[in-house]
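Okay, structure first, notes after.
There are 2 protein chains.
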Amino acid sequence: MSLDTARLVQMANAIRALSMDAVQAANSGHPGMPMGMADVATVLWGEYLKHDPAAPDWADRDRFVLSAGHGSMLIYALLHLTGYAHPTIEDLRKFRKLGSPCAGHPENFLLDGVECTTGPLGQGLAMAVGMAIAERHLNACFGDELVDHRTWVIAGDGCLMEGINHEAIGLAGHLGLGRLTVLWDDNRITIDGSTDLSTSEDIKARYAATGWHVTACDGHDFADIRRALDEAAADPRPTLVACRTIIGKGAPNLQGTHATHGAPLGDEEIAASRETLAWTSHPFELPAEIVDDWREAGRRGADVRAQWSRRAAEHPRKAEFERRMAGNLPAEFSLDDHISGLLADPVKVATRKASEMALDVINRQLPDTIGGSADLTGSNNTKAGGIAPLTAQDYSGRYIYYGIREFGMAAAMNGMALHGGIIPYGGTFLVFTDYCRGAIRLSALQQTRVVYVMTHDSIGLGEDGPTHQPIEHLQSLRMIPNLLVMRPADAIETAECWDIALRQHDRPTVLALTRQNLPQVRSSTHDKGLSARGAYRLKAADAARKVILIATGSEVHLALECAAQLEGQGIGADVVSMVCTQLFDEQDRSYRDDLLPNVDPSQILRVSIEAGTTFGWERYTMTNGLAIGIDSFGASAPAEDLFRKFGFTADAIVPQIINKLNG
Amino acid sequence: MSLDTARLVQMANAIRALSMDAVQAANSGHPGMPMGMADVATVLWGEYLKHDPAAPDWADRDRFVLSAGHGSMLIYALLHLTGYAHPTIEDLRKFRKLGSPCAGHPENFLLDGVECTTGPLGQGLAMAVGMAIAERHLNACFGDELVDHRTWVIAGDGCLMEGINHEAIGLAGHLGLGRLTVLWDDNRITIDGSTDLSTSEDIKARYAATGWHVTACDGHDFADIRRALDEAAADPRPTLVACRTIIGKGAPNLQGTHATHGAPLGDEEIAASRETLAWTSHPFELPAEIVDDWREAGRRGADVRAQWSRRAAEHPRKAEFERRMAGNLPAEFSLDDHISGLLADPVKVATRKASEMALDVINRQLPDTIGGSADLTGSNNTKAGGIAPLTAQDYSGRYIYYGIREFGMAAAMNGMALHGGIIPYGGTFLVFTDYCRGAIRLSALQQTRVVYVMTHDSIGLGEDGPTHQPIEHLQSLRMIPNLLVMRPADAIETAECWDIALRQHDRPTVLALTRQNLPQVRSSTHDKGLSARGAYRLKAADAARKVILIATGSEVHLALECAAQLEGQGIGADVVSMVCTQLFDEQDRSYRDDLLPNVDPSQILRVSIEAGTTFGWERYTMTNGLAIGIDSFGASAPAEDLFRKFGFTADAIVPQIINKLNG
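In the order they appear, the protein sequences are chains A and B. With the first letter of the first sequence counted as 1, position 64 gets the number 64 in the numbering used here; the numbers rise by one all the way through. Basically the numbering used here = 1-based index in the second sequence + 1000.
This is the structure we're talking about:
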């Protein structure tokens, strides 16, 4: 529907008024963007966006991403005005205050209608690419009747200047995601001032070079905005709409300057703005007829949704679609046979290979997965189970060649997981978590089920040398809240870790996997499912227990060797495989105390063995324990030489333990 | 000079032969790139590159960056062939073996002539941008007589696909760095296969959109390569040369495929290649006449350097130029007066403001600094001391508006530091170290003096919420080898930290600074320079010492409050300001034991207080100590509310301490 201009002006001014007032009340925030983009947002939300405020989780809704998350009052105003249950006016009054769902930046876990957490610049747009992939893939799986929606993004200059933008739009252009539209707030202002200070780029030409359809509009001319959105909808490519706007539009003395970007306008300028906008209502009060117009616009989607629900009810694959959108695994999903097979017939493989073996089973049982790699498919062993590439020609594929785009991959995976219906996993080398750490953090904060397949997880990578050898990475990832970091020791643990990761509804997992082969340390004498407790006793001391060796991943078999040598000298040694510190920390005290009894190191010495930094291992070794690790950068050489050089042999470790015991 | 084609063919084949043989001997490595780019590299190093193998550290040499660092045999071959002292043939034979300077990827600290460490894709090119900035800036400072060189980069598809490429070329285009030339190995192959798998981008159009001059050449046609390099030299803009090449050129059965990218060719294919190339020498043997040609090419620069040395000897600013290139501070450089002023007249300011106050003094005394911010100038307080912007119109400026390009900024700073003559510093929010962590790690690995001014270093940032509040960042940075992380508590410590950071010749520093105001905790009763020991006793217990409070940055004054409450209850408490854990760990045992005596927590309880993760603090609190921190994500609210919510008040902390003492 097309609304009349006078009404649209008022509707847009409602956004402006709420934004000014909320930022002023909070005494912090960003009025410039919401005021500048109010007109564009009014056309989009008033006439185009397919959604139903009464059913925010409707599977076939359009996804709207405010990539320029600092302009959070824009989406809060839109959600309120179109009739979502939250935010209420009271919520808006408490913008940026403790306990309000209207946080400084939009948080997906605080408000329905906020599809993802934005603020870290560039990531919103990059997540939208993932949402658009998810839409096309599910469309290919379930057809137009169930899946047929668009993804809209509002992005600022910051989102476009960040490196991740290049990766994200490269992926979107290559995959021909025509249902993705980016509305760029082309206001020529950044925090530091004019964009001229830092950039000379022809952004439109860059997008065109990357396979995008590019158009522009006057961001304050409703008809022109409509024309651009119609153009976007008609073009088979993803579209960039350069919306020429005036930042802080409506603030007569400050608009068009960076003074409106990130600070309250002040009472005086707000008064002047009210006059300019002919806005006579008091702060946080809205004229009833404007609210009515907005609510009516919000009800546009109700019929469409009702029709969709009728179609869905009759759809032969309704149950499967609902299962996937709910994020539940099929009841029959299980890796048990695979694990039993490994117990019966042990393998000596790299855990990256063990991961491929697990994926071979997973991908055949679980249609939900979409895998990929940042151009390391053969190294990460991520293509398994007969899945075909997802391409612009065939969206039903389940493997994405992400290219050399770690950050873009991780953000796209977040977008897919947030969209729902998909469990994304993707690989690179563990050391390159540094390239996508911002997105890994957002996986954790947003509570998304994303599985990071991070291979070549230590100096065991060998010849590529220190730039490619993780040292601080395992520990530095373990300290990200709500992120599981798992480092399996063999093929059994690897399968268990995959199973655990897939069953996490609200947190991401990093699997740290080896390049080099590892013996299978688990056998039929052990219970199944031990990794679920995060750590477990792999081997109990034979002689009187004097030592507990706590090892992870590729160092577990080394710990077993050390234990054997110690036992040979009459020193009893447990070996604990610490698969995942976070899960271990979540166990009850009795389990933890049983595994790691809180006694003086003079009675039982705890020794950690991990081919990475020792930083933080005191938590498990205790103060006078022994932490075997690497606190410098690695080196280039064959793996075995490096393990020797850095002291990762039983012959190097056991004497240190004995010294310590005697000390 | 222009060499004859038949000789160039042989010279290029020498690179191919050494690359095949070394990779085969190592049984790992990447022959495809060196073989594909051998012809381009031969023209560049044989005829264009200004350097003198006899004086690798000649200040006015051209900088050559092998951004596609996996093709390390290319630069090793070139260094050997042109007559650098290293690598020797023996070094080449030990390619990728323990102790060889010929590491898997080029390491600047292992070989002269390797200007920077490359391998993490995209960063080499981005560092080259920094080198090119450094060249223009020093040229503006010292004139053409002393500084007049070019920066050359060989980059692959990976370098161009990474997000950092967008940031780097945006900066280079904006700053009009015409002496920067990127030779893109346009071989249409990545690890996973054809570039068609993952990208549809028109790279040349993208570079053109970003203000670059773009040309192309047949990468196997010497005349065409020359034509392109001449074009690059003539154009005032930075140039991208798309060198159309065949990966693994010379290997008759594998060339043009990803099979040559990252694995030895195998004996059979190497034999076939020798035949194809008419190369009859044995592995690692080179025909004398080819070596002669290469050595002669290597001597091209000797005269130019001699002329330069004569000019330099007569230059009125020779001493200053040499001081700067050596990286020495002026003898008279001192922050002593500034610190004395603060002691005499204490201030209550945010440490970001204290940093600005220090910078105001530093930038006036030290012409070596080039500051900047990733579009947060007013928030990072990085523009100080009257420095003017460095722009395409005026390279003499010392402040760079980096735009919203954290990773590009960090890499450019590495490049400036590596070039020499400049001490770069740059700012963003601490949480966005996640966006540039890959470059921070390379600062540490490459031993560069870069100062990261990371403000808004905790929940004290307030309303912007969890996406902007560091939790794990301080600890996760502290575990990067060779990186100083400093979190000063007040204006005095901030000045001391700046002084320490500037005096580091071979390591980078992260300064973690507050948004919020902090009282000055140091007064004239304290010694000067205390931060240099990493940690020091700010306040000694009055009553019998039962507690040691170890705090950092904004929590130090809180620790003093806690101590006062404890003393009020007759419990003696030291307060230790832990400015920099790394520097503290480097102190001798007696100093460390004096500050943190190794006694049972039941006698002296150690308590850490830092508004970030508790992970790792056991190293200083000991196992049964108390770690006050935040192990979840933050929230959006005014800072004071957040500190209260997360328990950062004396009223919340002191009872925990007393509990623990009584427990």
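Think of the CB as a built atom: it goes at the ideal place given N, C-alpha and C, for glycine as much as any other residue. Quantities reported herein were computed from a predicted structural model and do not represent experimental measurements.
For the 8 angstroms CB-CB criterion, Ile1290 (chain B) and Gln1475 (chain B) do not form a contact. Between His1315 (chain B) and Leu1098 (chain B), the alpha-carbon positions lie close to 44 angstroms from each other. Pairing Ile500 (chain A) with Gln520 (chain A) gives a Cβ-Cβ distance that is not under 8 angstroms. A contact between stretches requires three or more CB pairs, one per stretch, nearer than 8 angstroms, and the segment 189–209 of chain A fails this requirement with the segment 1185–1195 of chain B. Burial of Ser1636 (chain B) is indicated by the presence of at least 16 other C-beta atoms within 10 angstroms of its C-beta. For Ala1025 (chain B), not one C-beta of chain A is nearer than 8 angstroms to its own C-beta. It is roughly 48 angstroms from the alpha-carbon of Asp267 (chain A) to the alpha-carbon of Pro424 (chain A). Unbroken alpha helix (DSSP H) runs of no fewer than 4 residues, entirely contained in the segment 1147–1209 of chain B, are found at 1157–1161, 1163–1174, 1203–1209, following chain order.
The Cβ atoms of Tyr402 (chain A) and Ala388 (chain A) do not sit closer than 8 angstroms to each other.
Nearest Cα to Tyr1452 (chain B) within the set B:Asp1464, B:His1468, B:Tyr1435: B:Tyr1435.
Per DSSP, reduced to three states, the secondary structure at His315 (chain A) is coil, with no helix or strand assignment.
In the DSSP assignment, Thr1581 (chain B) falls within the alpha helix (DSSP H) that extends over 1581–1585. Look at Ser608 (chain A) here: in three-state DSSP terms it is strand. In terms of beta-carbon proximity, Tyr1402 (chain B) lines the interface with chain A, with at least one pair separated by less than 8 angstroms. Considering only B:Leu1229, B:Leu1110, B:Phe1284, B:Ile1191, the residue with the shortest C-alpha distance to Leu1018 (chain B) is B:Phe1284. Runs of the beta strand (DSSP E) spanning 3 or more residues and lying entirely within the segment 1378–1451 of chain B occur at 1399–1401, 1423–1429, in chain order. When A:Gly104, A:Gly156, A:Met325 are compared, the shortest CA-CA separation from Phe142 (chain A) is found for A:Met325.
Taking 8 angstroms as the cut-off, the Cβ atoms of Gly1176 (chain B) and Ala1392 (chain B) count as close. Secondary structure at Lys50 (chain A): coil, using DSSP grouped into helix, strand and coil. Annotation for Val1147 (chain B): Asp1060, Glu1135, Leu1138, Asn1139 place their beta carbon closer than 7 angstroms to its own, counting only its chain and skipping 5 residues before and after. When secondary structure is reduced to three states using DSSP, Tyr1620 (chain B) falls in the helix class.
Within the same chain, and ignoring the five residues on either side of Ile422 (chain A) in sequence, the residues whose Cβ sits closer than 8 angstroms to its Cβ are Ala134, His137, Leu138, Arg324, Asp368, Thr369, Ile370, Met416.
Inter-residue distance for Glu1322 (chain B) and Ala412 (chain A) is about 49 angstroms (C-alpha atoms, whole angstroms). Against chain A, a Cβ distance below 8 angstroms from Phe1615 (chain B) picks out Gln475, Arg478, Met479, Gly616, Arg619. Within the segment 1204–1219 of chain B, Lys1204, Ala1205, Arg1206, Tyr1207, Ala1208, Ala1209, Thr1210, Gly1211 place their CB atoms closer than 9 angstroms to a CB of chain A, listed in sequence order. For the set A:Leu286, A:Thr433, A:Val450, A:Glu145, the Cα lying nearest the Cα of Gln307 (chain A) is the one of A:Glu145.
Following the DSSP letters along the chain, one finds Lys539 (chain A) inside the beta strand (DSSP E) bounded by residues 535–539.
Take the alpha-carbon of Ala1259 (chain B) and the one of Ala1251 (chain B): they are about 11 angstroms apart. Annotation for Ala1501 (chain B): no beta strand (DSSP E) segment contains it, though the alpha helix (DSSP H) segment containing it runs 1491–1502. For Tyr435 (chain A), the nearest beta carbon of chain B is closer than 8 angstroms to its own beta carbon. Shown here, Ser531 (chain A) sits in a helix according to DSSP, grouped into three states.
Exclusion of the five residues before and after Ser194 (chain A) leaves Arg188 as the residues of its chain whose Cβ lies within less than 7 angstroms of its Cβ. By the Cβ-count criterion, Ile1609 (chain B) is buried, with 16 or more other Cβ atoms from all chains shown falling within 10 Å of its own Cβ. Ala1228 (chain B) has its alpha-carbon roughly 9 angstroms from the corresponding atom of Asp1218 (chain B). Its chain contains Ala14 as the residues whose beta carbon lies nearer than 6 angstroms to that of Leu286 (chain A), once the 5 sequence neighbours on both sides are disregarded; these appear in chain order. Put simply, the backbone Cα of Arg305 (chain A) is about 8 angstroms away from that of His51 (chain A).
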